[in-house]
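In my numbering, the protein residues as written are 108 to 424. Built from N, CA and C at the ideal position, the CB exists for glycine as well. Remember, it's a predicted structure, so these values are computed and weren't measured experimentally. These notes are about the structure you will find just below.
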């Protein structure tokens, strides 16, 4: 059901979030897989962070970057947890304009940060494979800290203009958003003002973050493959490539839904109403839920550290 208002100043605006269109009666049942994904994402990334912090053998660049990835995944989950489950459990669809902007800022911030972290992890793999003897001197603790600060700063600087430009818009059409959380293109479409600048800046933001990062990740893997092929021993080649499998999988499950969602919002006007919702939820929850599983299954050191922690707890109990 659409909700219409007269032209209203932004501070007094109320938006209406959407669950799964056409399946409102089944929201309680639909919430079950969402709860499972949230629990998996929150507990999995929490465990990864805990074992990296507490296990001295994991105090290496590769695992510092993995802890950054887990932190961004936790942030992304927390940013959307209350509105998503609030809709499914309580039909709490209303969200104020300022609360919407705040949620949108953090969702996009953690998305841009995750893209940057994946690029940093690609650089880490490149250095580890192509120049292993200088690995520790190139990726020092101070340099990793600088990379972390740069990742946060980059996302914040890009997002501030997007948020400020939304505040100048007038909203006089339907206030019903197409997702269970606030997403920049979704909010922008509801304005009756000229949004050409907003649209151009939003597209520039996604291209200059995820777009540029994906290109550099691709180039990194071209160099990584070249380095692997130069290794004489087939066994060593296989071992070197196996260290990249987890990262390649994480890149795929992050970028494919993100690119699909951006295309649906900008070019998929004829798409079924459930399509943006489906892709948005995949983009929102699958990477945070899958990343801990991927790294736990594919990284022997992480798996051993997790087993060690649980074994120690079992002994204490």
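For residue 122, report the span of its alpha helix (DSSP H) as first-last. For residue 122, there is no enclosing alpha helix (DSSP H); the enclosing beta strand (DSSP E) has its first and last residue at 121 to 123.
Look at the alpha carbon of residue 110 and the alpha carbon of residue 168, and state the distance between them as a whole number of angstroms. Unreliable placement is indicated for residue 110, whose pLDDT of 45 sits below 50; no coordinate value is reported for it.
Out of 189, 160, 164 and 186, which has the shortest C-alpha to C-alpha gap to residue 426? For the chain, the structure presents residues 108 to 424; residue 426 sits outside this window and is missing.
At what residues does the beta strand (DSSP E) containing residue 338 begin and finish? First-last for residue 338: undefined, no H or E at that position.
Alpha carbon to alpha carbon, how far is residue 188 from residue 252? C-alpha separation (whole angstroms): 29 Å.
Is the Cβ-Cβ distance between residue 122 and residue 184 less than 7 Å? Taking 7 Å as the cut-off, the Cβ atoms of residue 122 and residue 184 do not count as close.
So, do the stretch 386 to 404 and the stretch 137 to 150 have three or more beta carbon pairs nearer to each other than 8 Å? Contact between the stretch 386 to 404 and the stretch 137 to 150 is present: three or more C-beta pairs spanning the two stretches fall below 8 Å.
For the alpha helix (DSSP H) containing residue 49, list its first residue and its last residue. Here the chain covers residues 108 to 424 and nothing more, so residue 49 does not appear.
What residue does the beta strand (DSSP E) around residue 430 start on, and which one ends it? Residue 430 lies beyond the stretch modelled for the chain, which goes from 108 to 424, so this question has no answer here.
I want to know whether the stretch 255 to 262 touches the stretch 194 to 205 - three or more CB-CB distances under 8 Å. No, because fewer than three Cβ pairs between the stretch 255 to 262 and the stretch 194 to 205 fall closer than 8 Å, the two stretches do not touch.
Just grab the DSSP bridge partners of residue 127 for me. Beta-bridge pairing links residue 127 to no other residue.
Of all the options 244, 249 and 348, which has the alpha carbon lying nearest to the alpha carbon of residue 406? Residue 406 has its Cα closest to that of 348, out of 244, 249 and 348.
Could you check which residue in 166, 136 and 182 has the C-alpha nearest to that of residue 152? The residue with the shortest Cα to Cα distance from residue 152 is 182.
Note the first and the last residue of the continuous alpha helix (DSSP H) segment covering residue 306. Residue 306 -> alpha helix (DSSP H) spans 303 to 313.
When the distance is taken between beta carbons, is residue 186 closer than 7 Å to residue 214? The Cβ atoms of residue 214 and residue 186 lie closer than 7 Å to each other.
Unbroken alpha helix (DSSP H) run spanning residue 184, endpoints: That run of the alpha helix (DSSP H) goes 168 to 197.
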